[in-house]
Structures are given as C-alpha cells and as structure tokens.
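Quick note on our numbering: the sequence shown kicks off at 5 and runs consecutively.
Heads up, the beta-carbon is just placed ideally off N, CA and C, and yes, glycines get one too.
Step one of this worksheet: look at the structure below.
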Amino acid sequence: MIDAVATDSSSTESNDKPRRTRRTRMTGAERRAQLLEIGRTLFAAKGFEGTSVEEIAAKAGVSKPVVYEHFGGKEGLYAVVVDREMRRLLDMVTGSLTAGHPRELCEQAAFALLDYIEEYTDGFRILVRDSPIPQSTGSFASLISDIATQVEDILGREFKSRGFDPKLAPLYAQALVGMVALTGQWWLDVRRPKKAEVAAHLVNLAWHGLDGLEAKPHLIGRRKS
C-alpha cells in the first residue's frame, strides 16, 4: 500500500512539473533575415563603430560564430544591409517615374524619396552616414548619382525641346537630385512641414527655376574663372 501511495505521489509530482517547450529551430534563410533586421536596427541607432558582433549575436539569441558563419563578420553584415537599402531606394525612385509631364515626374521623384525616408527611416539613417567599409557596395553619394542618371534622360529631352544644350542635362540632374536628397536629410529629423508640402516646395523651386532657365547663363560678379 505504501509503495502504491509513493508511486502515486511520485506520479503526481511528475505531472505537476512544467513541461519544457522546444524552441523552433530557424532555417538558414530565416536566421540570415533575422540577423539582417537586427543589424539594420543597431547600425541605424549606433552606427557601424558603435555596433558590435557580440551585441548583434545577443539580440538574435545566438553565439558570435553564427554571425560569422552567415556574413563573415560585422563588415559583411553591414555591406549587405547597405546594399539592400540602396536597391530599395533606387527601385522606389525609378519605379515612381511614370508620368508624362516633366513637372509631375519631379513631383513623383520627390515623393518617392520622402516616402522612403518615412517608411524606412532606419535604412535612410544608415545610407546618409559615410560608410567606413571600403569594400562596401556603395555610398549615399553613388546612390544619388544613380538616381540622377535616371533624371538625366528626362531633362535631356526637355532641354532639347526648349533649345538648350542637352549635354548639360547631367549637371542639372545632379543639382536637382542633390537638392531633394539634402532636403530629405533635413526633413528626416524635423518632419515639418508635412510630406506633401515639402514635395510641393521642392518642385516649386526646381520647376520654376527650370522654367526661367537662361540658355547661356552669365556671371555678374568680378570673378569669371
């Protein structure tokens, strides 16, 4: 009887113990995606130098060798994060250029950049920092140059129709895209006025500046070279 009671008691105690739940093991692709998202958040908040492999691994709940296995180190992870953000922004800007009227194209390009800043703030913070990695896939300056190349064709056609030298289109494309990009950096922190109003003012300056463009601009100061 005692043995039976003891056995029952043991069985009860065993049943009262909480069962351990098994952790779902991530696939390689899932782990890689997780590390990229964690790295993106940390790089945006702390920069490249302020982020460590130890912190990335701890946030992911893995050991440091797992980070090295997927990316070869912090530099590799950073390079992939930057490349993804550059592609995303470039795709958003180039994909927005669908209108036929040049002024509306300017509006669409301005909105695309501001949309990216609003929706992917962490990514933009990473892009506007100077990359400390020489082998990184690009920089914000090179990205702006890529976007300007898309705008260059539009300006070239507009210049030709107005009797201006289309060879100057690259210069104006760099100037216009740079204006929007720098304004975007400022708007990133202040977020005022509203996005649509910022876009309207950018296009107002760009469009009316182009509308009153001189075919052969001249300098009025003393310096001529």
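From what residue to what residue does the alpha helix (DSSP H) around residue i run?
i	result
Thr55	Careful: Thr55 lies outside any alpha helix (DSSP H) and carries neither H nor E.
Glu201	199 to 215
Leu40	32 to 50
Thr98	78 to 100
Pro69	68 to 75
Would you mind stating whether residue i and residue j have Cβ atoms separated by less than 8 Å?
i	j	result
Ala185	Ile130	no
Val299	Phe115	Since the first residue shown for the chain is 5 and the last is 229, residue 299 is missing from the structure and cannot be characterised.
Ala177	Glu162	no
Phe52	Tyr82	yes
Leu40	Val85	yes
Val2	Arg107	The shown model of the chain, from 5 to 229, leaves out residue 2, and the question about it has no answer.
Asp95	Arg44	no
Lys68	Glu58	yes
Tyr72	Leu93	no
Leu147	Met183	no
Lys199	Glu123	no
Name the residue from the options whose alpha carbon lies nearest to the alpha carbon of residue i.
i	options	result
Leu118	Gly76, Gln189, Ser56	Gln189
Glu111	Val71, Ala219, His205	His205
Ala219	Pro174, Asp169, Arg226, Leu175	Asp169
Arg36	Ile224, Leu192, Phe75, Ser100	Phe75
Glu258	Gly104, Leu46, Val70	An answer regarding residue 258 cannot be provided, because it is not within the stretch 5 to 229 covered by the chain.
Ala64	Glu201, Asp87, Met30	Met30
Leu214	Glu201, Arg166, Arg88, Val194	Arg166
Ala203	Ala173, Thr187, His212	Thr187
Leu209	Asp193, Gly32, Ala179, Ser229	Ala179
The ligand NAD heavy atoms versus the CB of residue i: any closer than 7 Å?
i	result
Phe75	With respect to the ligand NAD, the structure shown offers nothing to examine, as it has no ligands at all.
Can you give the beta carbon distance from residue i to residue j, rounded, assuming they're within the 8 Å contact cut?
i	j	result
Thr98	Gln154	5 Å
Thr55	Lys78	7 Å
Which whole runs of the alpha helix (DSSP H) in the region 119 to 184 are 4 residues long or more, in chain order? 125 to 132, 144 to 166
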